[in-house]
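Asks:
In our numbering, the protein residues as written are 359 to 604.
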């Protein structure tokens with residue numbers, strides 16, 4: 359078994375290292391000191407194609423392998439872990455579920471901007487009273503006609519302050535209390551983005567809690583099949599752990 363990088367991976371690593379040292383390293387200390395989320399730099403990461411690395415060309419991605427994404431995360435983490443987790447959470451947790459489980463319309467609506475890095479998505483699993491145990495999800499959603507009505511809260515959601523949408527695990531109270539995933543666009547009435555956490559580290563990472571009070575979204579915002587949220591999030595976390603390790 360060969361454990362060396364291919365020539366292509368080695369060349370790609372040089373490109374990302376040069377970018378990180380020029381565009382991130384000189385400013386990382388100041389971002390951390392001021393808790394600034396450098397959105398302009400995130401946009402540059404998008405222009406470099408980093409958010410589209412593992413996704414299909416149909417939606418603007420490059421169709422690269424997971425090794426390439428891990429190289430990008432590792433090289434950025436060398437100079438600033440806040441920007442590395444921004445990339446990992448956006449790709450592995452924000453884009454990946456839509457790419458893997460979304461309907462054709464959901465993919466058409468959300469993926470082009472997310473894959474291009476023009477926008478970010480959040481991944482709402484962790485809760486104040488349940489932690490990251492997807493099976494203990496307490497945020498609820500009731501189907502009222504053609505809308506889901508969401509109530510509950512999420513905690514420590516990366517990229518949620520600037521996200522155009524958040525993927526939220528809920529317990530759908532439709533008789534069987536099944537766990538599903540719902541797409542909640544930013545600015546939806548009833549969804550509140552709480553103030554950014556004052557963290558000990560990763561302080562340039564955009565991390566907030568989310569609160570839902572009678573938040574209504576269209577029924578078609580359900581991600582994939584009803585009751586499949588537990589499976590979706592476990593599979594998403596399995597993929598994400600590889601990138602997190604980078």
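We treat Cβ as the ideally placed atom computed from N, Cα and C, and that holds for glycine.
To the nearest angstrom, report how far apart residue 447 and residue 503 are at their CA atoms.
Replies: The residue labelled residue 447 in the question sits at position 89 within the chain shown. The residue labelled residue 503 in the question sits at position 145 within the chain shown. Taking the straight line joining both Cα atoms gives about 33 Å.
Asks: Grab the span of the alpha helix (DSSP H) containing residue 513 for me, first residue to last.
Replies: One-based indexing of the chain shown puts residue 513 at position 155. Unbroken run through residue 513 is the beta strand (DSSP E), 505-516; no alpha helix (DSSP H).
Asks: Starting from residue 523, follow its DSSP beta bridges and name the residues at the other end.
Replies: For the purposes of this step, residue 523 is taken as residue 165 along the chain shown, with counting starting at 1. Paired residue(s): 479, 543.
Asks: Whole beta strand (DSSP E) runs in the segment 543-599 with 3 or more residues, listed along the chain?
Replies: Counting only runs of 3 or more, we get 549-551, 565-576.
Asks: Here's the rule I'm using: 16 or more other beta-carbon atoms within 10 Å means buried, otherwise exposed. How should residue 376 be labelled?
Replies: Along the chain shown, read from residue 1 onward, the residue named residue 376 stands at position 18. When all chains shown are included, residue 376 counts as exposed.
Asks: So which of 560, 395, 467, 572 has the shortest CA-CA distance to residue 547?
Replies: Position 189 of the chain shown, counted from the start, is the residue given in the question as residue 547. It is 572 whose Cα lies nearest to the Cα of residue 547.
Asks: Give me the Cα-Cα distance between residue 378 and residue 587, rounded to the nearest whole angstrom.
Replies: Taking the chain shown and counting its residues from 1, one reaches residue 378 at position 20. Taking the chain shown and counting its residues from 1, one reaches residue 587 at position 229. Computed Cα separation, rounded: 35 Å.
Asks: Please classify residue 499: does DSSP put it in a helix, a strand, or coil?
Replies: Here residue 499 refers to the residue found at position 141 of the chain shown. Three-state DSSP puts residue 499 in a strand.
Asks: Assuming the contact rule is C-beta atoms closer than 8 Å, residue 575 and residue 508 should be a hit. Round their C-beta distance to whole Å, please.
Replies: Numbered from its first residue, the chain shown carries residue 575 at position 217. Numbered from its first residue, the chain shown carries residue 508 at position 150. Indeed, because the Cβ distance is near 7 Å, the residues count as touching under 8 Å.
Asks: Measure how close the beta-carbons of residue 454 and residue 506 come, nearest whole angstrom, since I'm counting them as under 8 Å.
Replies: For the purposes of this step, residue 454 is taken as residue 96 along the chain shown, with counting starting at 1. For the purposes of this step, residue 506 is taken as residue 148 along the chain shown, with counting starting at 1. Residue 454 to residue 506, Cβ: 22 Å. No contact.
Asks: Considering residue 393, what are the terminal residues of the alpha helix (DSSP H) in which it resides?
Replies: Position 35 of the chain shown, counting from 1, holds the residue named residue 393. Run containing residue 393: none; DSSP gives neither H nor E here.
Asks: Starting from residue 535 and walking both ways along the alpha helix (DSSP H), at which residues does that stretch end?
Replies: Residue mapping note: residue 535 aligns to position 177 of the chain shown, counting from 1. Element bounds for residue 535: n/a, residue is neither H nor E.
Asks: Who are the Cβ neighbours of residue 523 in its own chain at under 7 Å, not counting the five residues just before and after it?
Replies: Within the chain shown, residue 523 is the residue found at index 165, counting from 1. Excluding residues within five positions, the ones whose Cβ falls inside 7 Å are 468, 479, 541, 542, 543, 544.
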